[in-house]
Every structure is written in structure tokens, then in C-alpha cells.
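As C-alpha cells, the structure follows; a few thoughts come after it.
There are 2 protein chains.
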Amino acid sequence: MTVYNFSAGPAMLPPAVMQEAQQEFLDWQQQGASVMEISHRSAPFLALMQQAEHDVRALLNVPHDYDVLFMHGGARGQFAAIAQNFLGDGGQALYLQSGLWSTMAADEAKRFAEVVTMDMVQTCSKTHIKQVVLPALTADLGDFRYVHYCPNETLEGLSIDDELDSPWPVIADMTSCLFERPLNISQFGLIYAGAQKNIGIAGFALVIVRRDMLQLPPLPVASIMDYRITAAHHSIYNTPTTYAVYLAAKIFQWMLAQGGLAYFADVNQRKAELVYAAIDTSLCYRNQVATTHRSRMNVTFQLTDPRQQSAFLAAAEKAGLKALTGHRLVGGCRASMYNAMPLEGAEALVDLMRHFAQTNPTEPVA
Amino acid sequence: MTVYNFSAGPAMLPPAVMQEAQQEFLDWQQQGASVMEISHRSAPFLALMQQAEHDVRALLNVPHDYDVLFMHGGARGQFAAIAQNFLGDGGQALYLQSGLWSTMAADEAKRFAEVVTMDMVQTCSKTHIKQVVLPALTADLGDFRYVHYCPNETLEGLSIDDELDSPWPVIADMTSCLFERPLNISQFGLIYAGAQKNIGIAGFALVIVRRDMLQLPPLPVASIMDYRITAAHHSIYNTPTTYAVYLAAKIFQWMLAQGGLAYFADVNQRKAELVYAAIDTSLCYRNQVATTHRSRMNVTFQLTDPRQQSAFLAAAEKAGLKALTGHRLVGGCRASMYNAMPLEGAEALVDLMRHFAQTNPTEPVA
């Protein structure tokens, strides 16, 4: 039985990459040792890091005035690092909130500095459908060092594709959507992503920062979380999480070999359309995000009759469709379909959903 | 040819552990997925983390009033975290310096608070031999929240086995010596170690902290570096570096199966004695640390005739003895022999050293 792993992260990795990594697990590049067992300052590992940065730049078409950094910790570490690196000398920031992660980012920044928040989501009291309303970002709102938002809320399955029109540098938590599709990097002052979704395994955050941002005055910050130090040392100020970087480097190569982000944008769109169609054409399931802002990476849905949920999840598990349980804070179901999830995984999920709906019919609501 | 990897870290891992990890690389515990691809909050991974903590407690006989934490980043992250967690409200700390890493720890703490330093090493101007002189730590030195030192200086190959007699809590950077031998944990307020030596691969730091230390007033600190938050969430406040924790858990089991730290203390002692004997009985090599404070984990030595060094390192490489080059800041040679290095590795190094000395005789210095 083919297993499809819909985990939100740590998440499914490309099977071809995993097989290659398994083959060279004990002996990498004729070193007589694993890549995990050699110095991060050895020539082969430095070459690997250079290639990884080069491939990130190629995949995302990163402009030359941006640094690409591999940093310790995941996105939560960056929630703090952003405030610590940019909010010295009484600086303030604006945080746009659209769900759990953008709210957490604001809460973390409040540990260090003054933060202004604005809600971007309106929920209909009758249908519970969430709409995103972009605020007008005008200079009279305040003197902000940056505006922060989360273009893909993993937990709610809510995506904001719109470019923000902002008088301040835009910082985006792209943990669950970086490498989903081509991106106009130049609209951002800084973007970041925890690695355990499209990039690889848990253990680092990828940061892409416009170099002029590093002129902003910092608060006291740990050297390993300091963008200036990390950039000056090409991400090896201290020992990076070498195995996580190694796997990410392989995944960047795999993404390029598949055809780059134009290829993934197409497949990701098709996977999401398949599953949303299965939701929208059945009385058995519902999704509560306005169609204009539905996430392609994280498709959330509920069983219309909540008593059917555990039976649905059990049927999915039995069919080899794993980790479809929604986030513990919101319940329901969630199908996370990052780049490693093939179209066949989405098709298998849709088959299961249709079969379950046929054998467990839901009465129309009066 | 058997390869022995003397890298200072990331370092050699136990072959038995690596073979097991390779076998279950694609499918862990019949999950149909790698351990890297599943949620850190899933039942199997939570069980793994509990077992890892249990095994750390068993190996080191950790008292019940200590927390065991798995934190992001390596020891350099802890350099900052210690100051940020304990030096709020104008707190000061005393840093004892015995080499590069204890000095770096003090420098990092100075980013956040006032730090007093004391040098513990005296170097003879004629022989260049380093002696460690423990200072009398008396309350009249100052009102310190803690005293920090590094019991094993990886770069210099200098070890301090003495227990400190201190009126303040003792914090020790044990990155390169934790799990070397049994330890009296109750003498410490906090110990920490980057994982890439005796514990496993780069990606986290192990912290063992006496719970009453968490009452000390903190400075603003990133949540992922906050000991209180990490302890309250059992090291999964955010996604840990799951694969590094998984490998560490296997290595803890392997250490227990070998006979625990009493076994390793014996083997580590024998390995070090072999190599130091080869140094001390040959005119070709010299070590510049007083015999009472020579490191068992990191044996440093120079060729008496520095012109022979590159030939020696080339001969070692050819014999499958890898990564014997000393740290880039001090040069010379260094044989790091953590728990994963078998006695046979030390024997192979000694054979090479004797053979090289015979074929490249050094003239006695007049």
C-alpha cells in the first residue's frame, strides 16, 4: 500500500531525495564518514553550503542586494530575532494578524518592543466563513520599522497572495509557503521560513533579507540570532545544523530538476483544486475560508456532521492517508500538501473522501 | 582500510547506531515514514523524547530537582541564553577563562550584562607549557549570580577535573566532555553541551539545570531560548530538531548498553594514555599542557620540527586517520577521541606516530 503523509510539518520529504540520502548515509563523497560526522568548515561541507545558497537564489530569483541565511531554530526563533534585530532605539512595528502564527509572531515581538496589531480577518457569524480584508497601510498609522504578516496560515488553511502596498519594509513568515510558487522577492525587506515544510527537516530557518535592513538599530541579541553576524560569517559563525542543511541542499537540487517553482506552482494548484472540489461538491465536507484566500499548501475541512470525523480519519488511516487530523487548537481535518506530495496523493485523498461520503451520506441541512 | 575520524566536532558517531539509523531511514517504527517526516507532537515521537530524557537521567544520575532540556542552537546559543536567563535586574556574573571557548562565553555574556573575568591559565615563557591555577572563589570577589567555566577546552586540549568550591552556582560548558565519565551533577547549577561531540549531530544543546536557578530574574529573551518556557513545555514549545534528538536518543541507548559512563571513563582514559605516551616518549612530538590538566577528549600535539607537520598529516590521511589538523586558530595537530572512537582508533594513531617518528627522525634540541 502506498502511504501518503499529509503531516503539516515536520512533513513528507521527496522519496527520491530520501533514497539518495539513505544510500550515502554512512559514506558521503568518499569521505569515509557521513556528512554528519565532518567539520562544517571542511572544504566539502563549505562547497555544499555555497551550492545550497546558489540554488536558493536560482529557485527564487533572489536579487543581489539580499543575503541568504541559514539560522538556528525555526520560525519561532525568527519571531524573536526580527524584533531583536530591528527594534532597537525605541523602534515600533506593525503586525497584521490573520490567524494563529501571525498572532504568535506579534506576541513574541511584544517581549522586546512596542508592537501595534491589526486584524485582517472577518468571520461571518452565520456561515463562519473567514474573509481577508487588507488594510490600507498609510504612513499616518505610525512610524514603523516594518510591517509583519503571514502569507499562509498553516492552522486555518488561509492564504494571502496579494502583495502589500506598504510605506514600511514588509517582513513575511513564509514557513509553510516558501518555494510553493515563484515569488517577487523585491517586495520584501525580509522573508523567513522554518525548514520543516517545503525545505526539509526541522532544525533551521531560512532567512532572505535585503541588505539595507541590517542598518536598522538592534536590541541586544544572541550572536547566533544576529543577522549581521550570520551574514558576515556566511551562516557558519557557529556550527550549523549540518544534516538539515545537507538535506535541504538536496531538496533544492530536486526542485530545480523538476522544473523549478513554475512546475510546483502548477502541481500545487492542481492538487488544491482537486481537494477543494471534493469538499465543495459534497454535503459531507465543508471549508470555512473564502475561496479567494484558500491555502494551497494546507487544505482545512470539517465533516459537516462532526460525529463522522473520527470514522473519516480512521478510514483515511486504513487507506494509507496519514496525519489528516487538524491542528489540536482547532480540530477538524487538514491535508498539508507541500511540494513533496505528488498529484497522486491528492487524487488518493479525493477518492477516499468521495467513497466515504457515498457510504456515510450526510442529510442536507434544512 | 578502516577509517578513523578524529574530527573535533561534528565528530565520529558509533557505527552500530549509524547502521541502525540507515536501516530505518525510510520507515521508522512501521510509520510508513521517516522519523524526520512525522509530527514532534505525535505519540511515537513524544515517547522517543521521554525515553531520551530518561536515559540522560540514568547515564548521568541526574537528581530529581534538575530539568533536562533539549534546546535549539549549540553551545554558542547557550552562551547568550545563560546571561539572558539569569542576569536581569542588573545581575553580574564571574567568568573563569582557560582557553578559547570560556573566553568566547564571557564575550557573548558581555553583550547583555556586566561580566567579571579571571584567567585560570599560566603559560611558561620558556616551555610554553600551560598550567591551570584554580582561583579561590570567595564572596568578597563580588555579588555574582553564577560562576561560569569550561571543564574541557577543545581547542587547547586542556581539561579541568577539579570541582570548583564556589559560593555562587556553578555553570559549566561541557560541550566536549559531557558523557565522558560519571559526573557529580549536584555540584552544578547548570551544565550544557552542544550535541555534536559525545551526544550526536549538530542541531541542539543539552541543558541540565537545577530548578531553583529558574527563579533568577531574566533579561528579555527569545521564547525558544527561555529555560522556563522550555522546561514548562518539555522541550517542545516549538518544533525541536527532531532528527538530531532521534540520533541522540539512540546514542544514549548505545552508551547504556556498553556499560554506561563507567565503561567510557575507562576506555577514554586508556585511549588518552596511549596517545600521550606516544607523544611523551618521542622527540618528534610535544604537548604543551601540564600533565594534570591534559584533556582525554581532545589530545593536542605539535611536531617538534614544524616543517614535518604537513608530511605527518598527509601520512595520517593516507593511513585512514582523518581530521587530525589542529584548530585553525592554533595550528598543530589534534586527535579528538569522543566515546564513539574505539580503542583501536587510538592504537592505529599511535602506530602511525611511531612509524612516522622512525622514518622521520627529529634531532634532539641542544
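Respectively, the protein sequence lines represent chains G and Y. The letter at position 272 of the first sequence is residue 272 when you use the working numbering, and the numbering goes up by one with no holes. To convert, count from 1 in the second sequence and add 1000; that's the working numbering. All C-beta atoms in this analysis are idealised placements derived from N, C-alpha and C, irrespective of residue type, glycine included.
Exercise for the section: State yes or no: is the beta carbon of G/Ala257 nearer than 7 Å to at least one beta carbon in chain Y? Expected result: To locate residue 257 of chain G, count along the first sequence from 1; it is residue 257. So no, G/Ala257 is outside the interface.
Exercise for the section: Thinking G/Leu206 and G/Ala195 are a contact (beta carbons under 8 Å), I'd like their distance in whole angstroms, please. Expected result: As a position in the first sequence, residue 206 of chain G is number 206, starting the count at 1. As a position in the first sequence, residue 195 of chain G is number 195, starting the count at 1. Yes, they are in contact, since the Cβ atoms of G/Leu206 and G/Ala195 sit about 6 Å apart, within 8 Å.
Handout entry: Cα-Cα separation between G/Met118 and Y/Ala1139, rounded to whole angstroms
Key = Taking the first sequence and counting its residues from 1, the one referred to as residue 118 of chain G is at position 118. Taking the second sequence and counting its residues from 1, the one referred to as residue 1139 of chain Y is at position 139. If you take the alpha carbons of G/Met118 and Y/Ala1139, they lie about 52 Å apart.
Handout entry: Boundaries of the alpha helix (DSSP H) in which G/Gln84 is found, first to last residue
Key = On the first sequence, residue 84 of chain G is found 84 positions in, with the first residue counted as 1. Element bounds for G/Gln84: Ala75 to Phe86.
Handout entry: Boundaries of the beta strand (DSSP E) in which Y/Asp1067 is found, first to last residue
Key = As a first step, residue 1067 of chain Y is located in the second sequence; it is residue number 67 there, counting from the start. First-last of the beta strand (DSSP E) with Y/Asp1067: Tyr1066 to His1072.
Problem - Residues within the segment 1322-1339 of chain Y neighbouring chain G, beta-carbon criterion of under 8 Å - result: Taking 8 Å as the Cβ-Cβ cut-off against chain G, the residues of the segment 1322-1339 of chain Y that qualify are Lys1322, Ala1323 and Arg1328.
Practice task
Identify every residue that forms a DSSP beta bridge with G/Ala193.
Solution key: In the first sequence, residue 193 of chain G corresponds to position 193, counting from 1. The secondary-structure analysis by DSSP pairs G/Ala193 across a beta bridge with G/Leu206.
Practice task
Quick one: using the 10 Å Cβ neighbour count with 16 as the cut-off for buried, is Y/Ser1186 buried or exposed?
Solution key: For the purposes of this step, residue 1186 of chain Y is taken as the residue at position 186 of the second sequence. Flag for Y/Ser1186 reads exposed.
Practice task
On the DSSP bridge assignment, give the partners of Y/Lys1250 in chain order.
Solution key: Indexing the second sequence from 1 puts residue 1250 of chain Y at position 250. Bridge partners of Y/Lys1250: none, in fact.
Practice task
Between the Cα of Y/Leu1096 and those of Y/Gln1084, Y/Val1115 and Y/Ile1082, spot the shortest distance and give me the residue it belongs to.
Solution key: Against the second sequence, residue 1096 of chain Y aligns to sequence position 96. Restricting attention to Y/Gln1084, Y/Val1115 and Y/Ile1082, the CA atom closest to the CA of Y/Leu1096 is found in Y/Val1115.
Handout entry: Contact residues within the segment 1094-1124 of chain Y, judged by C-beta distance below 7 Å to chain G
Key = Glu1108, Arg1111 and Phe1112
Exercise for the section: Could you say if the segment 279-288 of chain G and the segment 120-140 of chain G meet the contact criterion of at least three C-beta pairs nearer than 8 Å? Expected result: yes
Handout entry: Where Y/Ser1223 meets chain G, residues with beta-carbon distance less than 8 Å
Key = Along the second sequence, read from residue 1 onward, the residue named residue 1223 of chain Y stands at position 223. Simply Arg76, Phe79, Ala80, Glu108 and Arg111.
Exercise for the section: Kindly list the residues whose CB is nearer than 7 Å to the CB of G/Pro14, restricted to its own chain and excluding five residues on each side of it in sequence; keep chain order. Expected result: Start at 1 with the first residue of the first sequence, and residue 14 of chain G comes out as number 14. Taken in chain order, the residues that qualify are Ile251, Trp254 and Ala340.
Problem - Within chain G, the residues that Y/Met1012 reaches when beta carbons sit closer than 8 Å - result: For the purposes of this step, residue 1012 of chain Y is identified with residue 12 of the second sequence, where counting begins at 1. The answer, in chain order, is Ala33 and Glu37.
Problem - Cross-chain neighbours of Y/Met1018 in chain G, by beta carbon under 8 Å - result: If you number the second sequence from 1, residue 1018 of chain Y lands on position 18. Near Y/Met1018 (Cβ distances below 8 Å), the residues of chain G are Phe25, Leu26 and Ser34.
Problem - Beta-bridge partners of Y/Phe1276, as assigned by DSSP - result: Taking the first residue of the second sequence as position 1, residue 1276 of chain Y is located at position 276. Per the sequence shown, residue 1276 of chain Y should be read as Tyr rather than Phe. Answer is none; Y/Tyr1276 lacks a bridge partner.
Exercise for the section: Let me know the beta strand (DSSP E) ranges lying completely inside the segment 1307-1365 of chain Y, each 3 residues or longer, listed in chain order. Expected result: 1333-1336
Problem - Per DSSP, cross-strand counterpart(s) of Y/Asp1173 - result: The count along the second sequence starts at 1 and reaches residue 1173 of chain Y at position 173. Bridge partners of Y/Asp1173: Y/Tyr1192.
Practice task
List the residues that DSSP assigns as beta-bridge partners of G/Val380.
Solution key: In this structure chain G extends from 1 to 366, so residue 380 of chain G is not present and cannot be described.
Practice task
Ignore the nearest five residues each way along the sequence and tell me which others in Y/Arg1145's own chain have a CB closer than 8 Å to its CB.
Solution key: The residue you call residue 1145 of chain Y lines up with position 145 of the second sequence. So the list reads Phe1086, Leu1087, Gly1091, Gln1092, Ala1093, Trp1168, Pro1169 and Leu1216, once near-sequence residues are dropped.
Exercise for the section: Answer with yes or no whether the minimum CB distance from Y/His1072 to chain G is below 7 Å. Expected result: By one-based count along the second sequence, residue 1072 of chain Y stands at place 72. Residue contact with chain G for Y/His1072: present (Cβ-Cβ distance below 7 Å to some residue of chain G).
Exercise for the section: Find the residues of chain G that neighbour Y/Thr1242, judging by a C-beta separation of less than 9 Å, and give them in chain order. Expected result: In the second sequence, counting from the first residue as 1, residue 1242 of chain Y sits at position 242. Those within 9 Å of Y/Thr1242 in chain G are Pro10, Gln196, Ile201, Ala202 and Gly203.
Handout entry: Assigned exposure category for Y/His1148 - 16 Cβ within 10 Å defines buried
Key = Counting from one through the second sequence, the residue named residue 1148 of chain Y turns up at place 148. By the neighbour-count rule (16 or more Cβ atoms within 10 Å), Y/His1148 is buried.
Exercise for the section: Can you tell me which of G/Glu20, G/Met71, G/Ala277 and G/Arg181 puts its alpha carbon nearest to the alpha carbon of G/Val245? Expected result: Taking the first residue of the first sequence as 1, we reach residue 245 of chain G at position 245. With distances taken between Cα atoms, G/Val245 lies closest to G/Met71.
Exercise for the section: Compare the beta carbon distance of Y/Ala1008 and Y/Thr1154 with 7 Å and say whether it is the shorter of the two. Expected result: Position 8 of the second sequence, counted from the start, is the residue given in the question as residue 1008 of chain Y. Position 154 of the second sequence, counted from the start, is the residue given in the question as residue 1154 of chain Y. In contact: Y/Ala1008 and Y/Thr1154 (Cβ atoms closer than 7 Å).
Handout entry: G/Gln23 - DSSP class collapsed to helix/strand/coil
Key = Counting from 1 along the first sequence, the entry for residue 23 of chain G is found at position 23. Helix, per DSSP.
Exercise for the section: Mark G/Ser34 as exposed unless 16 or more other C-beta atoms lie within 10 angstroms of its C-beta, in which case mark it buried. Expected result: By 1-based counting over the first sequence, the position of residue 34 of chain G is 34. Residue burial annotation: G/Ser34 is buried, with at least 16 other C-beta atoms found within 10 angstroms of its C-beta.
Practice task
Could you tell me whether the Cβ atoms of G/Gly157 and G/Thr281 are closer together than 7 Å?
Solution key: Position 157 of the first sequence, counting from 1, holds the residue named residue 157 of chain G. Position 281 of the first sequence, counting from 1, holds the residue named residue 281 of chain G. Their beta carbons are not under 7 Å apart, which means G/Gly157 does not touch G/Thr281 by this criterion.
Handout entry: chain G contacts from the segment 1246-1272 of chain Y (Cβ-Cβ distance under 9 Å)
Key = Listed by position along the chain: Leu1247.
Practice task
May I ask which residues mark the beginning and end of the beta strand (DSSP E) holding G/Thr117?
Solution key: Here residue 117 of chain G refers to the residue found at position 117 of the first sequence. Residues Glu114 to Asp119.
Handout entry: Close Cβ partners of G/Leu343 (< 7 Å) along its chain, the five nearest in sequence each way excluded
Key = Here residue 343 of chain G is taken as the residue at index 343 of the first sequence, counted from 1. The beta carbon of G/Leu343 is closer than 7 Å to those of Val267, Arg270 and Lys271 in its chain, skipping five residues each way along the sequence.
Handout entry: Selected residue, minimal CA-CA separation from G/Arg76, among G/Leu283, G/Phe204, G/Met297 and G/Leu274
Key = As a position in the first sequence, residue 76 of chain G is number 76, starting the count at 1. With distances taken between Cα atoms, G/Arg76 lies closest to G/Phe204.
Problem - Where G/Leu94 sits in the DSSP three-state scheme - result: In the first sequence, the residue the question calls residue 94 of chain G occupies position 94. Strand at G/Leu94.
Handout entry: Delimiting residues of the alpha helix (DSSP H) encompassing Y/Leu1048
Key = The residue labelled residue 1048 of chain Y in the question sits at position 48 within the second sequence. Per DSSP, the continuous alpha helix (DSSP H) segment holding Y/Leu1048 begins and ends at Ala1043 to Leu1060.
Handout entry: DSSP state of Y/Gln1131 mapped onto helix, strand, coil
Key = Stepping through the second sequence from its first residue, residue 1131 of chain Y is reached at position 131. Residue state, collapsed to three classes: strand.
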